[in-house]
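Colleague:
Chains as they are written, first to last, in my numbering: chain L, 78 to 342; chain G, 78 to 342.
1) Out of curiosity, what's the CA-to-CA distance linking residue 247 (chain L) and residue 218 (chain L)?
2) Are there three or more Cβ pairs, one per stretch, closer than 8 Å when the stretch 177 to 193 of chain L is compared with the stretch 139 to 158 of chain L?
3) What first and last residue would you give for the beta strand (DSSP E) that runs through residue 314 (chain G)?
4) List, in chain order, every chain G residue whose beta-carbon is nearer than 8 Å to that of residue 249 (chain L).
5) Of all Cβ atoms in chain L, is any one closer than 8 Å to the Cβ of residue 101 (chain G)?
6) Rounded to the nearest angstrom, what separates residue 243 (chain G) and residue 199 (chain G) at their Cα positions?
7) Can residue 113 (chain G) and residue 195 (chain G) be called in contact, C-beta distance under 8 Å?
8) Name the two residues that bound the continuous alpha helix (DSSP H) containing residue 203 (chain L).
9) Name the chain L residues that come within less than 8 Å of residue 337 (chain G), Cβ to Cβ?
10) Buried or exposed: where does residue 172 (chain L) fall if 16 or more other Cβ atoms within 10 Å of its Cβ makes it buried?
11) Specify the secondary structure class of residue 334 (chain G) as computed by DSSP and reduced to three states.
12) Does the beta carbon of residue 257 (chain L) come closer than 8 Å to any beta carbon on chain G?
13) Tell whether a beta-carbon distance below 8 Å holds between residue 135 (chain G) and residue 324 (chain G).
14) Whose C-alpha, out of L:222, L:117, L:110, is nearest the C-alpha of residue 291 (chain L)?
15) So what does DSSP say about residue 180 (chain L), is it helix, strand or coil?
16) List the whole-angstrom C-beta distance separating residue 177 (chain L) from residue 164 (chain L), where the pair is believed to meet the contact cut-off of C-beta under 8 Å.
17) Can the beta-carbon of residue 175 (chain L) be found closer than 8 Å to that of residue 269 (chain G)?
18) Is there a C-beta anywhere in chain L that falls below 8 Å from the one on residue 297 (chain G)?
19) Can a CB atom of chain G be found closer than 8 Å to the CB of residue 342 (chain L)?
20) Report the option in L:108, L:224, L:297, L:321 whose CA atom is closest to the CA atom of residue 278 (chain L).
21) Let me confirm a value: residue 312 (chain G) is counted as buried when at least 16 other C-beta atoms fall within 10 Å, else exposed. Which label applies?
22) Between the stretch 98 to 118 of chain L and the stretch 96 to 107 of chain G, do at least 3 Cβ pairs fall closer than 8 Å?
23) Would you report the Cα separation of residue 329 (chain G) and residue 166 (chain G), rounded to the nearest angstrom?
24) How about residue 268 (chain L): is its C-beta nearer than 8 Å to some C-beta of chain B?
25) Out of L:256, L:147, L:251, point me to the one whose CA is closest to residue 250 (chain G)'s CA.
26) Flag residue 280 (chain G) as yes if its beta-carbon sits less than 8 Å from any beta-carbon of chain L, otherwise no.
27) Could you pull the DSSP bridge partners for residue 303 (chain L) from this structure?
28) Can you have a look at residue 156 (chain G) and say buried or exposed, based on whether 16 or more other CB atoms are within 10 angstroms of its CB?
29) Would you verify that the beta carbon of residue 260 (chain G) is, or is not, closer than 8 Å to some beta carbon of chain L?
30) Using DSSP bridges, identify the partner residues of residue 159 (chain G).
31) Under 8 Å, do residue 307 (chain G) and residue 241 (chain G) count as touching if we go by C-beta distance?
32) Please tell me whether, using a cut-off of 7 Å, the distance from the CB of residue 192 (chain L) to the nearest non-hydrogen atom of the ligand MG is below it.
33) Can you tell me whether residue 87 (chain L) is buried or exposed? The criterion is at least 16 other CB atoms within 10 Å of its CB, across all chains shown.
34) When you compare the CB positions of residue 106 (chain G) and residue 339 (chain G), do they come within less than 8 Å of one another, or not?
35) What does DSSP give as the partner residue(s) for residue 170 (chain L) in the beta ladder?
36) Kindly list, in the order they appear in chain G, the residues whose Cβ is closer than 8 Å to that of residue 253 (chain L).
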């Protein structure tokens, strides 16, 4: 985390990104503002993906969408956001395989592309920290541990797959408080989907993450599991669309929307 | 549970109680309306007890109070409620000991008595049932299991003691939902105070209840613990005021307040 980035406005931060001077992880930058996972698909795949998000709002909470195919501006999410230049790093997929990782997709843009922006856990982690809860992956400066579960998402056209969850260990009383806080934020995964015994959702060993790092689980803590934005990436990997662009892991789009605006109450 | 009582209006039910025709447990009667735990104390003890309730709102959620000492009407809780006659059964205590159990306290009434009405779990159980959750003590037609914990209440004057909790076993996903629902109802104990490992709050054996019955805990269920209205009764037993009247366990005051009115959102 680059501390000088923390207090930048979202538009000042995006200007840095657009100039190519920032291509890294956005955790902690422009604090207080919503960051989004990015999925860009050709229009003939976008309809199925939209349906997949609508059917699976906990792992795939849609917070923004292109006004029409080919439109690279996301006016509802912030001033002058250009999705071709304003994400620090992109992954380009062909038929489900990463073919390159780039910091700008102007030369790849097409008139049939549709952009999806999905809420991410950074927003609710900020709300939990503000309440005085400890977030272990933040304390230990690691990526949050993520696991593939046996919870099937609802299929939509060519998209299907099991839910991926992130895990944060907590004392029970803190888990109860986290459920209350996260329930206010359905647009960033909402309340946890499970807590306690991992095997009940198909996780056999917390020490074996499917994505991210492991974190310390202290005595008397229970694992608390949230639906995770890696879920749609797994569905994309399963579906293997001929062409797709996503953000690189952790290198998110920073929007002008205050995290607090996502609170439903 | 007497099914013919379920659909009575609160005032019709209280008329039955007042006539002496109903002296039993009020679980399920006048469905949809708030029932209250009753504590009646002399004025010189009432100030400490009020402070105890204010300091410990989860176990002692105050929903009604005499307008002034000696006033036996509780106008804010319902039409023509007379606390001397409208509770099905009363326990009379002297110096912390039960001296009699009666269905009417008109001859015991004094000008210095102050009545406290505290919210009870019947209200949140109704909200959980309405959402489709199973409440084991209801399914098994038992009293809810209750346990004394090692969680100290905040002392107030002569009142002190550890928190008593009620326990309902649930699958984790139902526990998460129950936390969301109960968070809307702080006046009836609010969100659970603990879940999972009982020993973390000083409960060594769930098969040994301190009050109430045991219930079945099925495979994959976790115990979920709520602050319980027996807590103030324990504080009263510790304080041993020279004179005190409470409802008999389960024989509550039925008010005219709809359970839904207690929801804060």
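Just so you know, even glycine gets a beta-carbon here, dropped at the ideal spot from N, CA and C.
Modeller: So, from the listed chains and residues:
1) Straight-line Cα distance between these residues: approximately 17 Å.
2) Verdict: yes, contact present.
3) Under the DSSP assignment, residue 314 (chain G) falls outside any beta strand (DSSP E), being part of the alpha helix (DSSP H) whose first and last residues are 307 to 316.
4) Those are 271, 272, 273, 274, 277, listed as they occur along chain G.
5) No, because no Cβ of chain L sits closer than 8 Å to the Cβ of residue 101 (chain G).
6) Each residue's alpha carbon lies about 12 Å from the other.
7) Yes.
8) Per DSSP, residue 203 (chain L) is one residue of the alpha helix (DSSP H) stretching across 198 to 207.
9) At a C-beta separation below 8 Å, residue 337 (chain G) has no neighbours in chain L, since its nearest C-beta there lies roughly 17 Å away.
10) Its Cβ having fewer than 16 others within 10 Å, residue 172 (chain L) is exposed.
11) In this structure, residue 334 (chain G) counts as strand in the three-state DSSP scheme.
12) Closer than 8 Å: yes.
13) No, they are not a contact pair.
14) Of the residues L:222, L:117, L:110, the one whose Cα lies closest to the Cα of residue 291 (chain L) is L:222.
15) The three-state secondary structure of residue 180 (chain L), taken from DSSP, is coil.
16) Cβ atoms of residue 177 (chain L) and residue 164 (chain L) stay farther apart than 8 Å, at about 14 Å.
17) No.
18) Yes, its Cβ sits closer than 8 Å to a Cβ of chain L.
19) At a cut-off of 8 Å, the C-beta of residue 342 (chain L) has a neighbouring C-beta in chain G.
20) Nearest Cα to residue 278 (chain L) within the set L:108, L:224, L:297, L:321: L:224.
21) Counting the other CB atoms within 10 Å of its CB gives residue 312 (chain G) a total of 16 or more, which places it among the buried residues.
22) Output reads no: the stretch 96 to 107 of chain G does not touch the stretch 98 to 118 of chain L.
23) Going from the Cα of residue 329 (chain G) to the Cα of residue 166 (chain G) covers about 8 Å.
24) Protein chains L and G are contained in the structure displayed, whereas chain B is not.
25) Ranking the options by Cα distance to residue 250 (chain G), first place goes to L:256.
26) Against chain L, the CB of residue 280 (chain G) has no partner CB under 8 Å away; the residue lies outside that interface.
27) DSSP output for residue 303 (chain L) lists L:243 as bridge partner(s).
28) Exposed, because fewer than 16 other Cβ atoms sit within 10 Å of the Cβ of residue 156 (chain G).
29) So yes, residue 260 (chain G) belongs to the interface.
30) Under DSSP, the beta-bridge partners assigned to residue 159 (chain G) are G:150.
31) Yes, the Cβ-Cβ distance between residue 307 (chain G) and residue 241 (chain G) is below 8 Å.
32) You won't find the ligand MG in this model; it holds no ligand whatsoever.
33) With 16 or more other Cβ atoms within 10 Å, it is buried.
34) Contact flag unset, no.
35) According to DSSP, residue 170 (chain L) bridges with L:175, L:321.
36) Those within 8 Å of residue 253 (chain L) in chain G are 256, 268, 269, 270, 271, 272.
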